[in-house]
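Chains as they are written, first to last, in the working numbering: chain W, 1 to 780; chain X, 1001 to 1333. The C-beta atom is built at its ideal place from N, Cα and C for all residues, glycine as well.
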Amino acid sequence: MGAHPHVGAGVLRNEDPQLLTGRAIFVDDVHLAGTLHAAFLRSDFAHGRLLSVDTSAAKRREGVIAVYTAEDLGDYWCHGPLLVPPPPIAGLTFNTATLVPLARDRVVHVGEPIAVVVAESRYIAEDALEDIVVDIEPLPVVVGLEEALAPDSPVIHEALGTNVAAHVVQQKGDYEAARGDAHTVVSRKFSYDRGVAGAIENRGILADWNARNEELTVWDTTQAPIPIRNGLAERLGLLQSQVRVVAPFLGGGFGPKMMMFYPEELLIPWISMRLERPVKWIEDRAESFFATTNERLQLHEAELAVDSEGRILGVKDVFLHDSGAYDPYGITVPINTQCTLLGPYRVPNYYSEFTAVFTNKTIVTPVRGAGRQHGVFVMERLLDFAAKELGIDRVEIRKRNFLTPDEFPHDHEILFQDSAPLVYDSGDYLPAMEKAAEMIGYRKFLDEEQPKARAEGRRLGLGIVSYVEGTGIGPYEGARVSVEPSGKVQLATGVGTQGQGHFTTFAQIVADQLGVDVTDVHVVTGDTREFSWGTGTFASRGIVVAGSACHEAAIVVRKRILSVASEALEAAEDDLELADGVVRVKGSDLSISLGELAVRANPLRGAVAAGAEPGLEATSYFGPARGTTASGVHAMIVEIDPETLEVSIQRYVVVHDCGRLVNPVIVDGQIHGGVAHGIGNAFFEELVYDDQGQLLNASFMDYLLPTATDVPHMEVAHVETPSPLNPLGVKGVGEAGAIPVGALYAQALEDALQGAVEIREIPLSPGRLFDLVQDAEADS
Amino acid sequence: MAVIRDMMPAFELFRPVSVDDALQLMARHGEAAWALAGGLDTFDWLKDRIKRPEAVIDLGAISEMRGITADRGGLTIGAMTTLTEVATSPEVVESFSLLSMAAFHVATPQIRNQGTIGGNVAQDTRCWYYRGGWPCYRAGGNICYAAAPKAMNREHCILGAKRCVAVNPSDTAPALIALDAQMVIRSAGGERVVAAEDFFMSPAVDITRMTVLEPDELLTEIRIPETWSRARFYFEKVRDRQSWDFSLVTVASAMRMSGGRVQDARIVVNGVAPRPVRVTEAESVLIGSPANESIGLAAGEAAIRRAKPLRHNDFKRPLMRNLIRRAIRGQEA
Ligand SMILES: Cc1cc2nc3c(=O)[nH]c(=O)nc-3n(C[C@H](O)[C@H](O)[C@H](O)COP(=O)(O)OP(=O)(O)OC[C@H]3O[C@@H](n4cnc5c(N)ncnc54)[C@H](O)[C@@H]3O)c2cc1C
Ligand code: SF4
Chain W
1 MGAHPHVGAG
11 VLRNEDPQLL
21 TGRAIFVDDV
31 HLAGTLHAAF
41 LRSDFAHGRL
51 LSVDTSAAKR
61 REGVIAVYTA
71 EDLGDYWCHG
81 PLLVPPPPIA
91 GLTFNTATLV
101 PLARDRVVHV
111 GEPIAVVVAE
121 SRYIAEDALE
131 DIVVDIEPLP
141 VVVGLEEALA
151 PDSPVIHEAL
161 GTNVAAHVVQ
171 QKGDYEAARG
181 DAHTVVSRKF
191 SYDRGVAGAI
201 ENRGILADWN
211 ARNEELTVWD
221 TTQAPIPIRN
231 GLAERLGLLQ
241 SQVRVVAPFL
251 GGGFGPKMMM
261 FYPEELLIPW
271 ISMRLERPVK
281 WIEDRAESFF
291 ATTNERLQLH
301 EAELAVDSEG
311 RILGVKDVFL
321 HDSGAYDPYG
331 ITVPINTQCT
341 LLGPYRVPNY
351 YSEFTAVFTN
361 KTIVTPVRGA
371 GRQHGVFVME
381 RLLDFAAKEL
391 GIDRVEIRKR
401 NFLTPDEFPH
411 DHEILFQDSA
421 PLVYDSGDYL
431 PAMEKAAEMI
441 GYRKFLDEEQ
451 PKARAEGRRL
461 GLGIVSYVEG
471 TGIGPYEGAR
481 VSVEPSGKVQ
491 LATGVGTQGQ
501 GHFTTFAQIV
511 ADQLGVDVTD
521 VHVVTGDTRE
531 FSWGTGTFAS
541 RGIVVAGSAC
551 HEAAIVVRKR
561 ILSVASEALE
571 AAEDDLELAD
581 GVVRVKGSDL
591 SISLGELAVR
601 ANPLRGAVAA
611 GAEPGLEATS
621 YFGPARGTTA
631 SGVHAMIVEI
641 DPETLEVSIQ
651 RYVVVHDCGR
661 LVNPVIVDGQ
671 IHGGVAHGIG
681 NAFFEELVYD
691 DQGQLLNASF
701 MDYLLPTATD
711 VPHMEVAHVE
721 TPSPLNPLGV
731 KGVGEAGAIP
741 VGALYAQALE
751 DALQGAVEIR
761 EIPLSPGRLF
771 DLVQDAEADS
Chain X
1001 MAVIRDMMPA
1011 FELFRPVSVD
1021 DALQLMARHG
1031 EAAWALAGGL
1041 DTFDWLKDRI
1051 KRPEAVIDLG
1061 AISEMRGITA
1071 DRGGLTIGAM
1081 TTLTEVATSP
1091 EVVESFSLLS
1101 MAAFHVATPQ
1111 IRNQGTIGGN
1121 VAQDTRCWYY
1131 RGGWPCYRAG
1141 GNICYAAAPK
1151 AMNREHCILG
1161 AKRCVAVNPS
1171 DTAPALIALD
1181 AQMVIRSAGG
1191 ERVVAAEDFF
1201 MSPAVDITRM
1211 TVLEPDELLT
1221 EIRIPETWSR
1231 ARFYFEKVRD
1241 RQSWDFSLVT
1251 VASAMRMSGG
1261 RVQDARIVVN
1271 GVAPRPVRVT
1281 EAESVLIGSP
1291 ANESIGLAAG
1301 EAAIRRAKPL
1311 RHNDFKRPLM
1321 RNLIRRAIRG
1331 QEA
């Protein structure tokens, strides 16, 4: 066997037997005797003054144990934390408005919680919600982004006196000068909307205060169990050791499950402590549309200045971003847009300015992609329009502008979401583009297939776009590796997991160092009792940050194994090899199992050398200086029915580079899921708000997720440009698939419609395409 | 509206085994009764706590309401027959493939296994304001939210609206009208038979109802006459998503040809008006002419001449026109 038999292999997932047989435990599967059930009364108004809440009738209903409003919370009522303070950008304006556990005198979006009922059953709790009398005086509602900034607009947060959440300018070089030298400048307006994460499992919390042990256990659908534990301990006046937060299996996270703290996350544990009983709240789907964060609209006005060959001289982008009613995530989403727009290209001059705006809608926080798709859409579209204007092929214009391998590390001279400079670690974009073009049959399609189809009255179109994704940011994660007397390896980390395959990829990394089978590495994550330090799973960082910590801890344990084995086998460490769960003297049958070594390392009797630690165990932490840059090219061929404008995807090709592949099957799965999300975003999903801030399609009947019939088979290939920033050479992949799909659809549909329309917006639908075609016909 | 919607409020549940018993119960509870077929529409209303029946009468145990029988060249289909049974029944597939195609285009296999043809034609509109519990005309209030100047109404009517601009969502309804089906309706007081074309209610007649069914009546069976057996059929449903999605516009047509010309035709469109509509304008252009592209275009144009789109559904005009063209061209039938 080679040095790394597991890393790089598409081994089966350790977690699948549990998941596929229905034995995996999710929050709602945890049943404790005597559990009470909570239901929230939420605002029906997007904006209003909360005049009174009368809960007396609800409290009288049989089976109701308690009803709480903001008033009942006393000192526990306060504004939540600002999770991600903005990076130190010169001249930045940032206005903080963080959310509250229950609305007190103002409601600022539909679905904001006003009261919580706790009852013997969910039925009774819901019945009791109808007994509560709420008096809200409606206020004028802020819905549109441009309207929010108008001088006569109502203001959502009176203390701020403005609806501006943030105003940020970042620049590099001198765009105006570059524009002056340009051969061609293309400028356009774009609108890019997004939607919900659509996780299969909604949010849920079960809190159990054990008054005898004075211990609080909270099962929570969170992507970040450790920060939740730390925050709860602090808010509830407990030691961190008194609070255990468990995030068991989660039915998807995608970003919104790490919004610390959601009101429910603060309230359910507090209620359990007061009532000294377990309390459960499980979000339902309709509720989730209002109460779980999502991602939405940006409006861009952008320009691309190029020379006569299509080389980029500069980009200017000015945009508005919808923050929703509060901004606990700072400027994470729009700054991602700002940074990701640059893509794999050499952009010598860049001017980017955005204004994030408060509106009376659900809070916006990162959803898989986290604003990156908005930026990629703008850049890719501008390149398409420039190519057309200059008569350059769209693949060619991209190739001419790609950064080349000798330009790395490449400093874009602006700051990224993690406050570190936006520096690309490594990349090689040309081979990915060439491979994608070859796989989709670019030339053959354009020269033969498309003209032939057109002659038959069929409308086929091709799209091909590229992108980069900043992944794997800090601060740090940790891992503890220990070999047990059974010979099995326990690996604990604090990162939290929601379907990414951590039980397997982390195990692969450790298995390679310790010479054991992947199935013998038991990964524990998402339980603060097992590992106490870390942040969470977000920003495509699991494998990069936690994976590297696993690797480092495993190396330390390997050394200890060798040292104990060298004594036991009376052989030099250099003469030993680890494989199949044993340490063997090379070229002999002299060996000892890891289990026996574990016992030897933790003796019951005898003297231990001074300074030696017991056991075969080590804990390591890994904190990267900055993020890694993954990249990719997507290509697709679509067919549009000319009479119904229904779109079907004929082929879909992905060439992706996330550095070294730990498990290609899992990477492909991440890409498949991401593309499905992207397809939903590009063509099906849209949160429809009316002018009163009411969400009209808060159900999966009206909010359309793509189904199996809408997501095509994907042909996926990889380019591996290892990252120099971590020992494994890995980069993140969690969000990649979702990022370029809007830009890809737009280009492919335009191509299929033979340039009859110009697409500057996402999402699309057959109905919207009819509108665009009719508008274009009316114009010409 | 952001209410929590998960648990149904309490009601009394009955499970009669004969139509007669069911009708007695319907008569006894009147307006407070709710007939339960497959429950796919019903449970939404109950879980959303928007409709509050006191007595739910489950028709699931009434075997006389199920099954498909051949009947003098035509068919009789019990109202409780599932959509899967309708879609796959050899009799339907052989002689009235239009109906089988229509049933096959409803939602998903799971829903077709559970949903019944009676429930499918009796289901309520999908207007999202109304479904969201807004007190609109149809819900007994005095406003139509969907027709307001800034309303979001891409799925609503372009034809025949009267105060309410919601559309009928049923896929089987236009096929039944095209086949000239007869709806057998019973109450404790007796039986009446209504043509499918007259079964669906316009808001001009009663804005709170989708069909002519009175609160104490049941649809017991649907009779399909021999008239259109093995005619030239066309069915097409355009939707945003290719599975599990209601239609934007659906066309169902039946045509008889003679000597290269159209002898008789029924063309029905759903998704464009409060009830499925026979486009007689298109039929009259067509009858006596060859079924070719230019007649198709003329018929399509005639059909949408009176269309009045709302703010967000102008696309339904070209879509309806093109589907009628296709129905006449008949390529995919
Ligand atoms: C997710 C989803 C997607 C769907 N997509 C589609 C679609 O694409 N196309 C489509 O056409 N439909 C669609 N439907 C609707 C579905 O097909 C109908 O809701 C279903 O067929 C209703 O039938 P049911 O048997 O479940 O009736 P129920 O829901 O039980 O009843 C529906 C209504 O009809 C009344 N009713 C039922 N039977 C009788 C009877 N014999 N006499 C008098 N009144 C009666 C009930 O009182 C109730 O008001 C969808 C439904 C769902 C849940
Ligand atoms: S279209 Fe009909 S159902 Fe919808 S809001 Fe208007 S009146 Fe109500």
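Whole-angstrom distance between residue j and residue i, CA atom to CA atom
i         : j         : result
W:Ala207  : W:Leu216  : 7 angstroms
W:Ile679  : W:Leu590  : 57 angstroms
W:Gln272  : W:Ala90   : Note that residue 272 of chain W corresponds to Ser in the displayed sequence, not to Gln. Each residue's Cα considered, the two are about 45 angstroms apart.
W:His109  : X:Arg1256 : 57 angstroms
W:Asp174  : W:Asp193  : 30 angstroms
W:Lys399  : X:Asp1171 : 49 angstroms
W:Ser323  : W:Val376  : 19 angstroms
W:Tyr429  : X:Ala1231 : 59 angstroms
X:Gly1039 : W:Ala46   : 33 angstroms
W:Pro5    : W:Gln498  : 26 angstroms
X:Ala1033 : X:Ile1057 : 7 angstroms
W:Gly767  : W:Thr644  : 9 angstroms
X:Ile1185 : X:Val1194 : 8 angstroms
W:Leu139  : W:Gly48   : 5 angstroms
X:Lys1162 : X:Asn1142 : 13 angstroms
X:Ile1177 : X:Pro1169 : 14 angstroms
X:Gly1271 : X:Val1167 : 5 angstroms
W:Leu569  : W:His551  : 26 angstroms
W:Leu275  : W:Gly74   : 16 angstroms
Beta-ladder partner(s) of residue i, from DSSP
i         : result
X:Lys1237 : X:Thr1250
W:Glu215  : W:Asn210
W:Lys172  : W:Tyr350
X:Arg1261 : X:Ser1258
With 16 other Cβ atoms within 10 Å as the buried cut-off, status of residue i
i         : result
W:Asn726  : buried
W:His31   : exposed
W:Gly10   : exposed
X:Phe1043 : exposed
W:Lys586  : exposed
W:Pro624  : buried
W:Ser288  : buried
Same chain, Cβ closer than 7 angstroms to residue i, five either side skipped, listed in chain order
i         : result
W:Ser419  : Pro87, Pro88
X:Ala1037 : Leu1059, Met1080, Thr1116, Gly1118, Gly1119
W:Ile543  : Thr505, Val662, Val730, Gly732
W:Val364  : Thr293, Asn294, Glu295, Arg296, Asp322, Ser323, Gly324, Val333
Neighbourhood of residue i by C-beta, 6 angstroms cutoff - its chain only, sequence neighbours within 5 removed
i         : result
X:Lys1051 : Trp1045
W:Gln417  : Thr332, Ile335, Asn336
W:Phe190  : His300, Val378, Arg760
W:His410  : Leu403, Tyr424
Close Cβ partners of residue i (< 8 angstroms) along its chain, the five nearest in sequence each way excluded
i        : result
W:Val719 : Asp428, Pro431, Ala432, Lys435, Val655, His656, Asp657
W:Val675 : His634, Tyr652, Val654, Val711, Met714, Gly737, Ala738, Val741
W:His412 : Lys172, Cys339, Leu342, Val347, Tyr350, Pro421, Leu422, Val423, Tyr424
W:Gly441 : Glu449
Proximity test, Cβ basis, 8 angstroms: residue i and chain B
i        : result
W:Asp131 : The displayed structure is made up of protein chains W and X, and chain B is not among them.
Q | Contact set, ligand 2 heavy atom to C-beta under 5 angstroms | A | X:Cys1127, X:Tyr1129, X:Tyr1130, X:Cys1136, X:Tyr1137, X:Arg1138, X:Cys1144, X:Tyr1145, X:Ala1146, X:Cys1164, X:Val1165, X:Ala1166
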